[in-house]
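Only one structure is covered here, and it is reproduced in the block below.
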Amino acid sequence: MQDKSRIQADLEWLINSPDFLSVVNVNGLHDQYLLNAKQFLADAAGDSSTFTFELTHRLGVYFEQLWHHLIRSNPTVNLVRLNQQVIINKQTLGEFDSIIQDLNSKRIVHCELAVKFYLQIGGGIQLSDWVGPNLRDRFDRKFHRLLNHQLALSVNDQVRQWLRQEQINIDQTALLTRGRLFYSIRNFLKQNFQHPAEVEPHHLRGFWATHDEFIEYRNQTNYDWYQLPRMYWLSELTAHDYPQVIKLGQLNQEQLSTVVAMEKDREVMRGFVVTDEWLERAQQRVLTKP
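Residue 2 is where the sequence shown starts when you use the working numbering, and the numbers rise one by one after that.
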């Protein structure tokens, strides 16, 4: 279970972090005007004392829990539905992450959420140049599913009929994204950040390196390095978290690892150390046709 100080930090991270995807550029590809769901956090109270952590090892599910807690704490909105599956004739057509009513305007808004982490394997400009740590996730495929399925769910004819039966009239669709791009360590250190236009220019950044590259860089620094568990991928690491994380010793060369550099108990940078096998598979993943 996440402790209260970590939850508090993650709540504040969700409120204050830069967007991951540029809503302006996503709108350019979307056939309906999207709101930036960040506006619903303006009056939210990032207080962990009333947060109920539902046991999960999936970071996306935890991210949704944080969002729903913040929405419930906002007196200007009402959480109408959360994680609402649409099942018609025993077929699941999709799921609404959250449906929210703005109490001032009375609008009903479908809010789609995403927290994403991608590593740069190709040149960086194309969405297909980026893959997730587990390699099943390639940025372009996830983006097109978000655009063409998740954000378009409420305009599907069958779903619209289902919404009428549920007495829900969705007026607007909104998007909230958080995440980080991890650049090759050479590009990261040179601050050569080539990224897709769909990504917010002021997004969070990290690095990735092979074991040999990381060992070489680590030997050049005086940072304290720690391994970062998956549930600690959101907000920055602090000294309070030290009992919950492992100080970095010798890395397992057969395993992909997430690491974080600390200096005077402040996070300096974070990144992935990848295996040769992972890198070879990632390069093949980038070359695979959509």
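We put the CB at the ideal spot given by N, CA and C, even for glycine.
Please read all numbers here as calculations on a predicted model, not as lab measurements.
{"Query": "Residue from ASN220, LEU238, CYS112 and LEU152 whose Cα sits closest to the Cα of ASP11", "Result": "LEU238"}
{"Query": "Beta-carbon proximity list for ASP44, same chain, < 6 Å, skipping 5 on both sides", "Result": "ASN75 and THR77"}
{"Query": "Cross-strand partners of LYS117 (DSSP beta bridge)", "Result": "GLY180"}
{"Query": "Within 9 Å, strictly: CB atoms of HIS150 and GLY95", "Result": "yes"}
{"Query": "Span separating the alpha-carbon of LEU148 from that of LEU22", "Result": "12 Å"}
{"Query": "Extent of the continuous beta strand (DSSP E) run through LEU94", "Result": "92-103"}
{"Query": "Through-space distance from ALA46 to THR178, alpha-carbon basis", "Result": "19 Å"}
{"Query": "C-beta contact flag for ILE109 and GLN173 at 9 Å", "Result": "yes"}
{"Query": "Collapsed DSSP secondary structure at ASN193 in the structure displayed", "Result": "coil"}
{"Query": "Contacts around GLY124, its chain only, beta-carbon distance under 7 Å, and the 5 residues preceding and following it disregarded", "Result": "ASP130 and GLN195"}
{"Query": "CB of CYS112 within 9 Å of CB of ILE126, strictly", "Result": "no"}
{"Query": "Extent of the continuous alpha helix (DSSP H) to which GLY29 belongs", "Result": "24-30"}
{"Query": "Residues near LEU235 by beta carbon distance below 6 Å, same chain, minus five either side", "Result": "ASP11 and TRP14"}
{"Query": "Span of the alpha helix (DSSP H), counted from its first residue to its last, around SER6", "Result": "5-17"}
{"Query": "Neighbourhood of GLN85 by C-beta, 6 Å cutoff - its chain only, sequence neighbours within 5 removed", "Result": "PHE97"}
{"Query": "Any non-hydrogen atom of the ligand ZN within 8 Å of TRP209 CB", "Result": "Among the components of this structure there are no ligands whatsoever, and the ligand ZN is therefore not found."}
{"Query": "Distance between ALA115 and LEU128 (C-alpha atoms, nearest Å)", "Result": "16 Å"}
{"Query": "C-alpha gap between TRP226 and SER106, whole angstroms", "Result": "49 Å"}
{"Query": "ASN253 to VAL287 span [Cα, whole Å]", "Result": "25 Å"}
{"Query": "SER24 versus ALA283: straight-line alpha-carbon distance, rounded", "Result": "Position check: residue 24 holds Val in this sequence, whereas Ser was assumed. Roughly 28 Å between the two C-alpha positions."}
{"Query": "Cβ contact check for the region 270-279 and the region 201-215: 3 or more pairs under 8 Å", "Result": "yes"}
{"Query": "Start-to-end residues for the alpha helix (DSSP H) that takes in PHE144", "Result": "140-146"}
{"Query": "Exposure of ARG7, with buried meaning 16 or more beta-carbon neighbours within 10 Å", "Result": "buried"}
{"Query": "Best match in ASN90, LEU56, LEU176 and GLN3 for proximity to SER49 [C-alpha to C-alpha]", "Result": "GLN3"}
{"Query": "Presumed contact (8 Å Cβ cut-off) between LEU152 and VAL160, rounded CB distance", "Result": "With 8 Å as the limit, LEU152 and VAL160 do not qualify as a contact, their Cβ atoms being about 12 Å apart."}
{"Query": "GLU217 to ALA262 span [Cα, whole Å]", "Result": "14 Å"}
{"Query": "Whole-angstrom distance between GLN40 and ASP20, CA atom to CA atom", "Result": "12 Å"}
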